[in-house]
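Below is one structure, written out as structure tokens; comments come after it.
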Amino acid sequence: MVVQRVAVLALDGVTPLDLAIPTQIFNARPETPYEMTVCALGSKVATTGGFTLDAGGGLEQVRAADTVIVPGFEPLQRPPDAVLEVLAEARDRGRRVASICTGAFALAAAGVLDGLHATTHWKHIDALERDFPEVTVESDVLYVDQGEVLTSAGVCCGIDLCLHLVRRDLGAVVANQIARGLVAAPHREGGQAQYVPAPVPVAGEASLSGTREWALQRLAEPLTLRVLARHAGLSQRTFMRRFTEETGTTPLQWLLNARLGTARELLETTDHSVDQVARDCGLGTAANLRLHFRRALGTTPTAYRRTFGEARKLEGLP
Numbered sequence: 518m519v520v521q522r523v524a525v526l527a528l529d530g531v532t533p534l535d536l537a538i539p540t541q542i543f544n545a546r547p548e549t550p551y552e553m554t555v556c557a558l559g560s561k562v563a564t565t566g567g568f569t570l571d572a573g574g575g576l577e578q579v580r581a582a583d584t585v586i587v588p589g590f591e592p593l594q595r596p597p598d599a600v601l602e603v604l605a606e607a608r609d610r611g612r613r614v615a616s617i618c619t620g621a622f623a624l625a626a627a628g629v630l631d632g633l634h635a636t637t638h639w640k641h642i643d644a645l646e647r648d649f650p651e652v653t654v655e656s657d658v659l660y661v662d663q664g665e666v667l668t669s670a671g672v673c674c675g676i677d678l679c680l681h682l683v684r685r686d687l688g689a690v691v692a693n694q695i696a697r698g699l700v701a702a703p704h705r706e707g708g709q710a711q712y713v714p715a716p717v718p719v720a721g722e723a724s725l726s727g728t729r730e731w732a733l734q735r736l737a738e739p740l741t742l743r744v745l746a747r748h749a750g751l752s753q754r755t756f757m758r759r760f761t762e763e764t765g766t767t768p769l770q771w772l773l774n775a776r777l778g779t780a781r782e783l784l785e786t787t788d789h790s791v792d793q794v795a796r797d798c799g800l801g802t803a804a805n806l807r808l809h810f811r812r813a814l815g816t817t818p819t820a821y822r823r824t825f826g827e828a829r830k831l832e833g834l835p
């Protein structure tokens, strides 16, 4: 596998949890080609956790990186000019640049987000919109993928963004393996709401996680809203409301995303025909699978298999 150099650029006041996400996900593994370095302007970086950390690299390592990730930091002061210059250079050279949470403010200050859509933590949406009018700020998403520039909302949304990058690079199987190791959700679409009004069940109410797990085991079956609500023992209206509160998306959109995720794994790991993959993941026909693949991924099932399935064979992966 061709080595991909990932620089995690820690600014003064870096949030430890934001920093931990990319360092964990892009850490070296036998099944991944990543070479990750924590970089900083100086040798030591102050964190919001009350401790300092030693950076393994400086701005030269950022310049040499294929992907640069800026975790969130506080307070939101303008980073030093040297930092802004290296971020702008990375963008100008066509390198992939991403931010987690308030790291978007550093990208915006460097001009990286000018003319693009972006997001940040929901508490800081208004400030990003006010201070950087050249940026189209998305207020209700987990992350925004603009090709070579990506931004995520607060904290845990950084996990979704980083797994999304792995999925883009190496396919769904590897991304899901890493997610399972983190005990994280294998895939959440960037367009889901970042602020879920009721992230935990109200006292006396049961989570719908059991119904979601039940559905994941039956994706090939015709799972309608009525079927899901019946399994949960709720009216369709109550089920819809509760499901959206817990997940930030609708039941049918969640099902479609789950089916596409299963289709991607089957295309990577089996020789099943596209028709068979469509039936096994619950999308019915090859034509329907192609339609949703094109809408969601901008490619076809056959092209996806050629990219990731063949790559796995060449690398000797199961």
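With our numbering, the residue at position 97 of the sequence shown is 614, and numbering never jumps. From the three backbone atoms N, C-alpha and C, an ideal C-beta is built for every residue, glycine too.
Item	Value
By the DSSP assignment, the beta strand (DSSP E) with R613 in it spans what residues?	613-616
Starting from R743, trace the alpha helix (DSSP H) in both directions and tell me its first and last residue.	742-749
Roughly how many angstroms lie between the CA atoms of G727 and E646, to the nearest whole one?	39 Å
Where does the unbroken alpha helix (DSSP H) through S669 begin, and where does it stop?	Taken as a continuous stretch (DSSP letters only), S669 belongs to no alpha helix (DSSP H), being part of the beta strand (DSSP E) at 666-669.
How long is the line joining the alpha carbons of V658 and G559, rounded to whole angstroms?	33 Å
Less than 7 Å between CB atoms is the rule here; does T786 satisfy it with respect to chain C?	No chain C is present in this structure, which holds just one protein chain.
Please classify P714: is it buried, with 16 or more other beta-carbons within 10 angstroms of its beta-carbon, or exposed?	In this prediction, P714 has a pLDDT of 34, which is less than 50 and means its spatial position is unreliable; nothing more can be read from the coordinates.
Mind checking which residues open and close the beta strand (DSSP E) that includes Q517?	Only positions 518 to 835 of the chain appear in this structure, which leaves residue 517 out of reach.
If you drop the 5 nearest sequence neighbours on each side, which residues of the same chain put their C-beta closer than 7 Å to that of Q663?	L633, H634
Helix, strand or coil for L570, going by three-state DSSP, please let me know.	strand
Touch check for the region 609-617 and the region 543-554: three-plus C-beta pairs under 8 Å?	no
Put A635 into one of helix, strand or coil per three-state DSSP.	strand
Which residues does DSSP list as the beta-bridge partners of I586?	V525, A615
I'd like the span of the alpha helix (DSSP H) that includes A692, first residue to last.	689-699
Can you tell me whether L489 is buried or exposed, with buried defined as 16 or more other CB within 10 angstroms of its CB?	Outside the displayed range of the chain (518 to 835) lies residue 489, so it cannot be described from this structure.
Which residues in the same chain have their Cβ closer than 8 Å to the Cβ of E591, if we skip the five residues on either side of it in sequence?	G530, T532, T565, T619
Would you report the Cα separation of E763 and D535, rounded to the nearest angstrom?	23 Å
Check whether the Cβ atoms of L740 and L783 sit closer than 7 Å, and answer yes or no.	no
Give the DSSP bridge partners of C556, in chain order.	L526, G574
Going by beta-carbon coordinates alone, are A749 and D797 separated by less than 7 Å?	no
Does the Cβ-Cβ distance between A670 and L680 come in under 7 Å?	no
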